[in-house]
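Remarks on the structure that follows.
Protein chains: 2
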Amino acid sequence: MTGQSAIGTVDLDVDERRLAWVYLSRVVQGPCAPLSALIASVGVCEAARAVREHELPAALRGPTAARREMDSAARDLEAVQRIGGRVITPDDDEWPGWRMLGLDQLDTDRDREAAVPLVLWARGPLSLRTASERAVAVVGSRCSSGYGMQVASEIACDLAGRGWTIVSGAAFGIDAAAHRAALAVGGPTVAVLACGVDRPYPAQHDRLLAAIADSGLVVSEYPPGVAAQKHQFLARNRLIATLGDGVLVVEAGLRSGARNTVKWARRLGRPAMAVPGPVGSASSVGCHRMIREGEALLVTRAEDVIEEAGPLRLPVGEGAPTDPAHHLRGAEAEVYAALPAIGSRQPRDLAGQCGLDLATVRAVLPSLELADLVGCDSEGWFRTRRPG
Amino acid sequence: MTGQSAIGTVDLDVDERRLAWVYLSRVVQGPCAPLSALIASVGVCEAARAVREHELPAALRGPTAARREMDSAARDLEAVQRIGGRVITPDDDEWPGWRMLGLDQLDTDRDREAAVPLVLWARGPLSLRTASERAVAVVGSRCSSGYGMQVASEIACDLAGRGWTIVSGAAFGIDAAAHRAALAVGGPTVAVLACGVDRPYPAQHDRLLAAIADSGLVVSEYPPGVAAQKHQFLARNRLIATLGDGVLVVEAGLRSGARNTVKWARRLGRPAMAVPGPVGSASSVGCHRMIREGEALLVTRAEDVIEEAGPLRLPVGEGAPTDPAHHLRGAEAEVYAALPAIGSRQPRDLAGQCGLDLATVRAVLPSLELADLVGCDSEGWFRTRRPG
């Protein structure tokens, strides 16, 4: 992608680029590999001009034909602002660029939907970049069982309580249970829609989506007003997989869409996980098949999920560095670095030392503990290993 | 092992060999790799003489010290005959020699219990060779749940109904459910005990064991009168794994003995399978762990088990022959050969043509169907493929 705007650009240029992104997002409505290729080659403003003036490679004529003459970019920006939303473009700090690297590296000739989204439309107070720093996609059957709802709630609650963002699709059943569990513990959650963020889909989840937009994030690559259509759900599933460190399927029937999300996770190199259930339950058949066929790893609880999806997964095999702390990133690295080689610290002290807020430190310590890097006793938190 | 008696031996020699096997079985009571090595080298009669006269390599002095001076072979044979039983030695046609090949090839230096049993004591009308031709070990937790009992019964019932022998350990819980399910459909079942076959263990399964001895087979490598002791259960588990084409664990807690049986299956190159369950259930924790850690394959029904354990597993990968019928053995090969390249046959005709009884033909056809080799319509059974 074109990345940040060059140093010295003025607001006018920023606006021009933003309008170009938004214009193109409306023209193609969804992933469009040939357009992404054009933008990468000539920049977003020049790509927008080429589309407008129909100076296009053959591959782009079809996808742009229907809407290239209708430039509603300014109107679209107003529309999303009216509902308290925004558009996130690759120029924005909030754009989770590192998450998109997987998509970038897929073979888009073979699958044109495997493209990086042009922009993401969003509603909600969370920063998409921050929210997707430690995130797990929790998905599953719309026709879930009581068992599935319970397991989805428990695992999502445990993950969200440890600071993991729950990414899902706001569908009936497992998706909704996962979002609600995150909301219930005040944890971060992101709903990825297959329609505009101004459209509650499904309609019965109007209030759930409002609650997510209140404290989490509702995102979509479709501009405001676009209705959900079947092929858009498959493209949406790829975004769900893209935004997480792994995909967890809690229940899935034989023909569940969750399997599609798992396929994306596997293409993106993210761990795919599935929860088993009673063998007589139709809503576990898909999970059992994915586990049996090696498409997903069996997990039964949040700890298993963190073990697979966590950034702290310990290196294994020969030649691995002896100090797993080398693999730490972000807040984890800071908190770990703030702990003395000998002796303990209280979270409050660590927060002060790192310039992080107490909640972040409290969220980070248990995951360091899970990685066996720190321990905790009556004195506070301490390192379990000497530096390697 | 020493194999069949030489041509031209008289009954006296046969008796001498049998008494030698029985004497040695009593002396070591259980697997004894150094003794098996001695027999392989000098023959069973000479090995018995060497033990009696204490002309032994150092490794055999300890294991034979306690009982080598007490030759109760004739009395043991009488004792087992009194309860309607018999001893099966490697000299007997009934000895399932091909089953023991796996044990033969294990590293007995590393694990002295990995030896081939000297003899098997048996009660029941089934031939051990025939019974173990198509057999699955079904094992699991003694503290099973209602769910586990139901699943064990259903799968064992389906397997036994298709002519598969259910091998298990007659323990409380899953073992008993598996045996009972086989008995209920008149299917073959073999109970392998960690004590003499004259001892009902557990005592509460007195009637179950009597029923198995009535129509199936109760076997043990321990001579009559030997009580169950802890280490004998581990050796017994190896025999359960040895006698099956695969091991299925239906439920297992974290410390279930079923995991030990699975380890034997893996050492013997037999497929290990486990049934998942609700993630909150303590009696499924062991199964989930084995699946998760790649020790066992997730299965949910008899078809899955047959796919893994069945002799008809289709070849995969490059260079595989195009005609999977090449892999058929025994009755399956005969029945398949009796089907014409074009046209159908009724089971009754096939039975007449092959000289097999109708029940066998009826048991074989569904497994050929599962392997996609035959189909069935109103005309009868037909081949689905042309010869390769």
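Just so you know, the sequences run in chain order A and B. All letters in the first sequence, in the order written, are residues 1 to 388 by UniProt numbering. All letters in the second sequence, in the order written, are residues 1 to 388 by UniProt numbering. A virtual CB, placed ideally from N, CA and C, is assigned to each residue, including glycine.
- Annotated three-state conformation of W21/A is helix, per DSSP.
- For the stretch 266-295 of chain B, the residues whose beta carbon sits under 7 Å from a beta carbon of chain A are, in order, V275, P276, G277, P278, V279, H288, I291 and R292.
- For G140/A and Q150/A, the gap between their C-alpha atoms comes out near 13 Å.
- Per the coordinates, the alpha-carbon of L24/B lies some 16 Å from the alpha-carbon of D13/B.
- Burial is judged here by how many other beta carbons sit within 10 angstroms of a residue's own beta carbon; P57/B has fewer than 16 and is exposed.
- The beta carbon of L159/A sits no closer than 8 Å to any beta carbon of chain B.
- The DSSP-derived three-state label of D198/A is coil.
- In the displayed model, C376/B falls within a strand according to three-state DSSP.
- Residue pairing from DSSP places W121/A in a beta bridge opposite V87/A and S220/A.
- Take V197/A, set aside five residues on each side of it, and the residues of its chain with a beta-carbon closer than 6 Å to its own are G85, W121, R123, V218 and S220, in chain order.
- For the C-beta of Y336/A, not a single chain B residue is nearer than 7 Å; the gap to the nearest is close to 28 Å.
- R301/A reaches chain B at V279, counting residues in chain order whose Cβ is nearer than 9 Å.
- Around the Cβ of Q29/B, a 10 Å sphere holds 16 or more other Cβ atoms; the residue is buried.
- C-alpha of L298/B to C-alpha of F233/A: approximately 30 Å in a straight line.
- Contact residues of the stretch 128-156 of chain B toward chain A are Y147 and V151 (C-beta to C-beta distance below 7 Å).
- Not a single C-beta of chain B is nearer than 8 Å to the C-beta of L370/A.
- For S132/B, the number of other beta carbons within 10 angstroms of its own is at least 16, and it is reported as buried.
- The stretch 271-319 of chain B is shown to contain whole beta strand (DSSP E) runs of 3 or more residues at 272-274, in chain order.
- At least 8 Å separates the beta-carbon of A160/A from that of T261/A.
- Inter-residue distance for A178/B and E251/B is about 12 Å (C-alpha atoms, whole angstroms).
- Across the structure, Y147/A and D111/A are spaced so that their CA atoms are roughly 36 Å apart.
- The shortest CA-to-CA distance from T300/A to any of A296/B, A282/B, D304/B and L103/B is the one to A282/B.
- Positions of the alpha helix (DSSP H) runs, each at least 4 residues long and wholly inside the stretch 102-150 of chain B, are given as 128-131 in order along the chain.
- For L298/A, the chain B residues whose C-beta falls within less than 8 Å of its own C-beta are P276, H288, I291, R292 and L298, listed in chain order.
- The residues V116, in chain order, have a CB closer than 6 Å to that of D104/A in the same chain once the five nearest residues on each side in sequence are set aside.
- Across the structure, R267/B and A194/B are spaced so that their CA atoms are roughly 20 Å apart.
- Close CB contacts of D304/A within its chain, under the 6 Å cut and outside five residues either way in sequence, are absent.
- M70/B sits exposed, since fewer than 16 C-beta atoms from the chains shown fall within 10 Å of its C-beta.
- In this structure, L239/A lies near V192/A, with their beta-carbon atoms less than 8 Å apart.
- As DSSP reads the structure, T189/A sits in a beta bridge with I166/A.
- Of all alpha-carbon atoms in S145/B, T130/B, R99/B and A73/B, the one lying nearest the alpha-carbon of G269/B is that of R99/B.
- G355/A sits exposed, since fewer than 16 C-beta atoms from the chains shown fall within 10 Å of its C-beta.
- Here DSSP, grouped into helix, strand and coil, assigns R259/A to helix.
- Excluding five sequence positions before and after G380/B, the CB atoms of its chain that fall closer than 7 Å to its own CB belong to S344, R345 and Q346, given in chain order.
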